[in-house]
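A.B. asks: Residue numbers (our numbering): 1072 to 1186.
One structure, as structure tokens, below. Some questions next.
If you want it as structure tokens, here you go:
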């Protein structure tokens, strides 16, 4: 059983910052990719960013230069620093872990960008 627990969502004004964190526990392989996806109102779930256990990152064009993903392999955590937030970043953000065997999801955390 693998559990992913997100924290750090909330309400922020446009131009502000938030930091999301996700802690993974359970039985998964150390070679994996962790990431963040989001689902805005009335939209499909989309990739935000991923990071491999080796540190390689990938970002959606819409967040490049504003969001930064990082991970701590010793603590099995992944974080997302979100700067210069825009109203269109409003969504439920989901933590994700993928190893060779399966894909796991967190329960999601709401991020609302509004004045």
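Heads up, the beta-carbon is just placed ideally off N, CA and C, and yes, glycines get one too.
(1) Quick one: using the 10 Å Cβ neighbour count with 16 as the cut-off for buried, is residue 1142 buried or exposed?
(2) Taking Cβ positions, are residue 1161 and residue 1182 nearer each other than 8 Å?
(3) For residue 1156, which residues in the same chain have their Cβ closer than 6 Å to its Cβ, ignoring the five residues on either side in sequence?
(4) Three Cβ pairs or more, each shorter than 8 Å: is that satisfied between the region 1109-1126 and the region 1161-1178?
(5) Is it the case that the Cβ atoms of residue 1101 and residue 1124 are separated by a distance below 8 Å?
(6) How far does the beta strand (DSSP E) with residue 1115 in it reach, from first residue to last?
(7) Which one of 1081, 1174, 1168 and 1173 has the shortest CA to CA distance from residue 1094?
C.D. replies: On the basis of the supplied data:
(1) Classification of residue 1142: buried, given that the 10 Å Cβ count is 16 or more.
(2) yes
(3) Here the set comprises 1083, 1087 and 1184.
(4) Output reads yes: the region 1161-1178 touches the region 1109-1126.
(5) yes
(6) Counting along the chain, residue 1115 falls outside any beta strand (DSSP E), and DSSP gives it neither H nor E.
(7) 1168
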